[in-house]
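Novice:
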Amino acid sequence: MHHNHRRALKIALAGSLTLLISAGVTLAVVFGTRQYGSPETSGYEFAAVAADTQLCSTVGKNILLKGGNAVDAAIATLVCTGLGSPQSMGIGGGFFMTIYNGTTGQSTIIDARETAPGNANESMFFYNRSNSAIGGLSIAVPGEIKGYWYAHQKYGRLPWAALFEPSIKYAADGFPVPIGLHKALIDGESFIRSEPSLNVAFVNQQTNKLYTEGEIIKMPQLAATLKAIAEEGVNAFYNGSLTNSILEDLKAVGSIITREDLLNYTVVEKKPVEAILSDGIKVISPPAPSGGPVLSFILNILDGFYFNSGDISTPEARIATYHKIIETFKFAYAKRTGLGDDTDKPDIQALVRNLTSRDYADSIRSLINASGTYDYMYYGPTYYNTVKTSTSHVSLLDQEGSAVSVTSTVNARFGSRRRGMKTGIIFNDEMDDFSTPNITNEWGIYPSPANFIAPGRRPLSSMCPAIFVDSRSGKVSKVLGAAGGSMITSATAWVAAHILWLGESLEAAVSLPRLHHQLLPPAAQFEKGFEDVVIQGLIKLGHKVTEFPRGKSIIQGVNVRGNRIFAKSDDRKGGIPDGY
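Read in order, the letters of the sequence shown are residues -28 to -1, 1 to 552 in mature numbering (1 follows the signal peptide of the UniProt record, and there is no 0).
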């Protein structure tokens, strides 16, 4: 009783301190537009939220302080992130959510991935591939709001409307543009200016300049849309007061989505994919069509190398270790091409069983040559798939030991590059994640039939929101996930490996320059700033190499060490976590 009283008092004091601090600062300081990351030296005692922006991390934390649980806080954080990172996610997209209940030890997956419209067909982009990426035909049926509703009704605690209140206020009254959005606007200036629906939202109509970091931006149409959803619930979007406006917005940009598509959209709750590592850590992530099985496969292979901190202690050691990681990525991405949404098909079921099998990981590990590499056909690519995303991830651990890891997306940057003039919704371009028949890539590999377009089908994804749990104690160890298209799975595995085996803190593991290999193109890709002596050593082992700019993948993470909770929002997007 005394322990609970002291704990409650600490939580109350934390909340009071937050309110006192926020009362004396401007929105710009709350958003932290000039701050990057947070040192891991302090940590939190009870809970932590890591999101794209400090504002949204704080929104999630405040929901927890009001008595909400991890699911409540995750939803509120995502709604906010749809404002602060509209280039990456929003209510016109979809998500995968991994939930772990710290009290019961139960875990589950909410699949709110977008689906192909009823009038879609597998050859619809055969003669004009660009239509799958830009414009109305690229839009798949959004699952975001129905996913929030499903998760809240089954696992949430606070009133539904309470999860939207902070974001409605920010959308209506305005908030400072965060650095991530600022950079996205600069990168996309040409299409933002040329597309009227984006121009009116992201170009200051008084100055005719793009909104810049720290400048106050308002989203009045989106505020009204969120208010209707908060007041009326899920039906406002799919079969209610907003539906006609949403359909008019979609029709105006050439979408084939119908009223029936919205009515028929279904959230799917699934059993997670689980991998038990040699130290007893259980990795929980979503099944196909997500990247969860591939993440499990990578970690199972790496687990058998029995890495330790000495394996990155010298340049020579890093060359040897990173070579093994690259080779593991190549095998994993080769297997990924056979996955798809038809999880009832025997061949996909068999593939998932292999990807989550320690014995299969052992057999693949035995094929890795410590002193060289091979032509891409050695790794067994079955098909190819292309994935391009501008995604957002939230990692969260609440005061009850429950966790949520959720990755949400509108696919490419600003999705379909179309925004509803009536609703303010930026619509996804998820149709671009499907494969099209009879189009081989430049290496002669055919696209995967498991990922062809079919009405109601969900496209393949690299998203792999993961929760790491100590299988002996049942306590959460880590919450990790990433944004960044095909780099999502490799980035998550890269950071996890550095924390699990290579002795790095969460802060260091996230901050380290990353490497990536997806088999095709046949080159190891290194983030700008990667150690040159290591790259040269890998070239000597036979690797072809290319460089990618910093920020192609973004990690948000939570790590429990001892009695402290550490959180890290990736500096690459200017994020800052929060907690208490």
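In this text, a Cβ means the ideal position worked out from N, Cα and C, and glycines have one as well.
(1) Just curious, the alpha helix (DSSP H) that V51 is in, first and last residue?
(2) Within the continuous alpha helix (DSSP H) that includes F386, where are the two ends?
(3) As a quick exercise: from T30, V21 and S110, pick the residue whose alpha carbon is nearest that of F386.
(4) D233 and V113 - do their beta-carbons sit closer together than 8 Å?
(5) Would you check if the region 126 to 137 and the region 255 to 268 touch, i.e. whether three or more CB-CB distances between them fall below 8 Å?
(6) Starting from H124 and walking both ways along the beta strand (DSSP E), at which residues does that stretch end?
(7) Who are the near neighbours of I336 in its chain, counting only those whose CB is closer than 7 Å to its CB and skipping five residues on each side?
(8) Using the beta-carbon count (16 or more within 10 Å), is D313 buried or exposed?
(9) Under three-state DSSP, which class holds G547?
(10) Among I526, V532 and G115, which one has its Cα closest to the Cα of V441?
(11) DSSP state of D542, grouped into three classes?
(12) Rounded to the nearest angstrom, what separates R536 and G152 at their Cα positions?
(13) Please classify M69 as buried or exposed, where buried requires at least 16 neighbouring CB atoms within 10 angstroms.
(14) Measure from the alpha carbon of S329 to the alpha carbon of each residue in V378, K141, L249 and Y142, then state which is nearest.
(15) Return the CA-CA distance between S60 and K512, expressed in angstroms with no decimal places.
(16) Could you give the C-beta distance for G551 and V21, rounded to a whole number, given that I count them as a contact under 8 Å?
(17) Whole angstroms is fine: what's the gap from L(-16)'s alpha carbon to L37's?
(18) I'd like to know whether the C-beta atoms of T87 and Y237 end up nearer to each other than 8 Å.
(19) Under the three-state reduction of DSSP, which class applies to I(-18): helix, strand or coil?
(20) Express the C-alpha separation of P427 and S449 in angstroms, rounding to a whole number.
(21) From the DSSP output, which residues share a beta bridge with V482?
(22) Please state whether the Cβ-Cβ distance between L219 and T197 is less than 8 Å.
(23) Which complete beta strand (DSSP E) runs does the region 221 to 300 hold, if anything under 3 residues is left out?
(24) Give a yes or no on whether the C-beta atoms belonging to G310 and M435 are separated by under 8 Å.
(25) Between the alpha carbons of Y351 and I411, how many angstroms are there, rounded?
(26) Indicate whether the contact test is met: 3 or more Cβ pairs, each with one atom in the region 450 to 467 and one in the region 94 to 109, closer than 8 Å.
(27) Let's see if you can read the secondary structure: which residues bound the alpha helix (DSSP H) around M459?
(28) Between residue 556 and the rest of its own chain, which residues show a CB-CB distance below 6 Å, the 5 nearest in sequence each way excluded?
(29) What distance in whole Å lies between the Cβ atoms of A45 and I35, which are believed to be in contact at a cut-off of 8 Å?
(30) How is the alpha helix (DSSP H) around T197 delimited, first residue to last?
(31) Once DSSP output is grouped into helix, strand and coil, what is the label at G66?
(32) Apply the 10 Å Cβ neighbour rule to N216 and answer buried if 16 or more other Cβ atoms are within range, or exposed otherwise.
(33) With distance defined between alpha-carbon atoms, name the residue in G373, A539, R389 and G456 nearest to S104.
(34) Rounded to the nearest angstrom, what separates Q490 and R308 at their Cα positions?
(35) Could you tell me the distance, in whole angstroms, from the CA atom of G501 to the CA atom of W473?
(36) Give the DSSP bridge partners of F498, in chain order.
Specialist: So, from the listed chains and residues:
(1) Here the alpha helix (DSSP H) through V51 covers A42 to G56.
(2) Per DSSP, F386 lies in no alpha helix (DSSP H) and is assigned neither H nor E.
(3) With distances taken between Cα atoms, F386 lies closest to S110.
(4) One thing to note: V113 has its Cβ within 8 Å of the Cβ of D233.
(5) Verdict: no, contact absent.
(6) DSSP places H124 outside any beta strand (DSSP E); the residue lies instead in the alpha helix (DSSP H), whose first and last residues are E116 to Y127.
(7) Counting only Cβ-Cβ distances below 7 Å, and skipping sequence neighbours, we find I273 and F303.
(8) By the neighbour-count rule (16 or more Cβ atoms within 10 Å), D313 is buried.
(9) In the structure shown, G547 sits in coil (DSSP, three-state: anything other than H, G, I, E or B).
(10) V441 has its Cα closest to that of V532, out of I526, V532 and G115.
(11) Collapsing the DSSP output to three states places D542 in coil.
(12) Between R536 and G152, the C-alpha separation is close to 29 Å.
(13) Around the C-beta of M69, 16 or more other C-beta atoms lie within 10 Å, and the residue is accordingly described as buried.
(14) Ranking V378, K141, L249 and Y142 by Cα distance to S329 puts L249 first.
(15) The alpha-carbon atoms of S60 and K512 are separated by roughly 38 Å.
(16) Rounded, the Cβ-Cβ distance is 6 Å, consistent with contact.
(17) Its pLDDT being 41, under 50, L(-16) is placed unreliably by the model, and the measurement read from it follows with that caveat. A straight line joining the alpha-carbon of L(-16) with that of L37 spans about 10 Å.
(18) The answer is yes: Cβ separation under 8 Å.
(19) Residue confidence is low: I(-18) scores 46 on pLDDT, short of 50, so the model does not pin down where it sits. Its coordinate-derived value is still stated next. I(-18) carries a helical assignment under DSSP once its states are collapsed to helix, strand and coil.
(20) If you draw a straight line from the Cα of S449 to the Cα of P427, it comes to about 39 Å.
(21) Partner(s): none; V482 has no beta bridge.
(22) Taking 8 Å as the Cβ cut-off, L219 and T197 do not qualify as a contacting pair.
(23) Annotation note: the region 221 to 300 contains the following uninterrupted beta strand (DSSP E) runs of length 3 or greater, listed N- to C-terminal: 240 to 242, 245 to 248 and 253 to 257.
(24) 8 Å or more divides the Cβ of G310 from the Cβ of M435.
(25) Each residue's Cα considered, the two are about 21 Å apart.
(26) Result no; under three Cβ-Cβ pairs closer than 8 Å.
(27) Looking at the DSSP string, the run of the alpha helix (DSSP H) that includes M459 is M459 to L472.
(28) Past the boundaries of the shown model lies residue 556; the chain is included only from -28 to 552, so the question cannot be answered.
(29) 4 Å between Cβ atoms; contact.
(30) Its alpha helix (DSSP H) spans residues P192 to E204.
(31) G66 falls in the strand class under three-state DSSP.
(32) Flag for N216 reads exposed.
(33) Distances from the alpha-carbon of S104 to those of G373, A539, R389 and G456 put R389 closest.
(34) As the crow flies, the alpha-carbon of Q490 is around 9 Å from that of R308.
(35) Straight-line Cα distance between these residues: approximately 23 Å.
(36) Beta-bridge pairing by DSSP links F498 to L487 and E519.
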